[in-house]
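Going left to right, the first sequence walks through residues 1252 to 1543 as my numbering numbers them.
Glycine included, C-beta positions come from ideal geometry on N, C-alpha and C.
Read through the structure below, which is laid out as structure tokens, and then see the notes.
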Amino acid sequence: MVAAVLRWYADNARDLPWRHPGAPEEVAWPVLVSEVMLQQTPVARVEPVWRAWLERWPSPAALAAEAAGEAVRAWGRLGYPRRALRLHAAAVAVVERHGGRVPSDPQALLALPGVGSYTAAAVGAFAFGQRVAVVDTNVRRVLARAVQGRAQPAPALTAAETALAVEVLPEAPAGDSRLPARWSVAVMELGALVCTARAPRCGACPVADLCAWQRAGAPPDDGPARRGQAWHGTDRQVRGRLLALLRDAPGPLDGPALSAAWDDDEQRERCLASLAEDGLVVPSGGGWSLPL
DNA sequence: TATTCGTGGCA
DNA sequence: TTGCCAAGAAT
């Protein structure tokens, strides 16, 4: 399976800018930025924001020197804007705790704001070439099908899935220390381009012949139905509208200006309060602004 | 462990 | 058109 997937990746990998090779100290920050932006966000929407972000803040120190609100503004419409705040906080932590260099130590990475088990592993593998299991939704889906014979992975990451990812992670042969990391990105790419959630292109899959799910006749998902994310009328929608107004405004906005975001006064105020609690907005001159 | 947290494209 | 889903993290 390893050789087939690696061959497929060599021929089919997308040319994504954060994958361009380089010394760890050169690529660690770009990789970290990409991984945080890619959390729950499609590649196509990340790429232009990532380019502008790194042009403006080519190092953690550059970002750390700016107001957090500028990060929120530059985040644009990527969604989950708390990630922008956390990435800014991570830059500050990198400067304060690691001399401005993104750490390679897994525990140090995990300790950074906005960096969880996936992102820490991804930075370790893709920036530093470490042999660590990178378990994202793509990897989980590919392994669920190819190895476990299931249509979809469990609703939440389980210890068994992590153990399986560790089990299939290849050793680095002599002279190719980065092969385990390449395996991880290859499986992710396979999940993103071929072994997709909805309509997998099994005819184009390099491991279709040994896929447990295919061999079982591609049975439908037998797990519990996933509950969709509500949107219309939710606090998320209201928070999104409020923040959109503030992103597009040069300075603070007062109550009347923000009332344009949502008619329901009670819900609007509640959401404003929750945004303030998250640090995404701060009181400013009787109104509100992005954090300073 | 289950929820919460944006946004927009696509089937 | 509506629901699904996209390189998760924090609580």
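A residue is called buried when at least 16 other Cβ atoms come within 10 angstroms of its Cβ; Ser1428 does not meet this threshold and is exposed. Residue burial annotation: Ala1450 is exposed, with fewer than 16 other C-beta atoms found within 10 angstroms of its C-beta. Shortest Cα-Cα distance from Gln1403 to any of Ala1378, Arg1392, Ala1437, His1339 involves Arg1392. Judged by their CB atoms, Arg1490 and Ser1540 are not nearer to each other than the 9 Å cut-off. Sixteen is the threshold: when 16 or more other Cβ atoms of the shown chains lie within 10 Å of the Cβ of Gly1375, as they do, the residue is buried. The continuous beta strand (DSSP E) containing Val1533 extends over residues 1533-1535. In this structure, DSSP gives Leu1329 a state outside helix and strand, which the three-state scheme calls coil.
By the Cβ-count criterion, Leu1420 is buried, with 16 or more other Cβ atoms from all chains shown falling within 10 Å of its own Cβ. DSSP places Gly1506 inside the alpha helix (DSSP H), whose first and last residues are 1506-1509. Per DSSP, Ser1428 lies in no beta strand (DSSP E) segment and is marked neither H nor E.
The Cβ neighbour count for Val1383, taken over all protein chains shown within 10 Å, is at least 16; the residue is labelled buried.
From the listed residues Gly1484, Ala1443, Arg1466, the smallest Cα separation to Glu1517 is found for Gly1484. Under the DSSP definition of a beta bridge, Trp1539 partners with Leu1504, Pro1534. The shortest C-alpha to C-alpha distance from Gln1291 to any of Val1282, Arg1498, Thr1388, Leu1283 is the one to Thr1388. Considered as a whole, the stretch 1441-1487 harbours 1463-1466 as its complete alpha helix (DSSP H) runs of no fewer than 4 residues, in chain order.
Between Cys1446 and Ala1469, the C-beta spacing is not below 9 Å.
In the three-state scheme derived from DSSP, where H, G and I count as helix and E and B as strand, Arg1265 is classed as coil. Membership of Asp1516 in the alpha helix (DSSP H) is indicated by the continuous run 1516-1529.
Contact annotation: Pro1457 and Trp1308 have beta-carbon atoms that are not nearer than 9 Å. Membership of Gln1358 in the alpha helix (DSSP H) is indicated by the continuous run 1357-1361. With contact defined as three or more Cβ pairs closer than 8 Å, the stretch 1283-1297 and the stretch 1329-1344 are in contact.
With respect to the C-alpha of Gly1479, the residue from Leu1415, Pro1406, Gly1530 having the closest C-alpha is Pro1406.
Taking a C-beta distance under 9 Å as the contact criterion, Val1353 and Trp1326 do not qualify as a contact pair.
If you check the CB distance, Val1287 and Leu1338 come in under 9 Å.
Ranking Val1345, Arg1401, Pro1275 by CA distance to the CA of Ala1373 puts Pro1275 first. Counting of Cβ neighbours within 10 angstroms places Val1417 among the exposed residues, the total staying below 16. With contacts defined by Cβ atoms closer than 9 Å, Ala1512 and Leu1496 form a contacting pair. With a contact defined as Cβ atoms closer than 8 Å, Ala1312 and Val1346 qualify at about 5 Å.
Ranking Ala1322, Cys1522, Trp1269, Asp1356 by CA distance to the CA of Ala1340 puts Ala1322 first.
By the Cβ neighbour-count rule, Ala1342 is buried, with 16 or more other Cβ atoms within 10 Å of its own.
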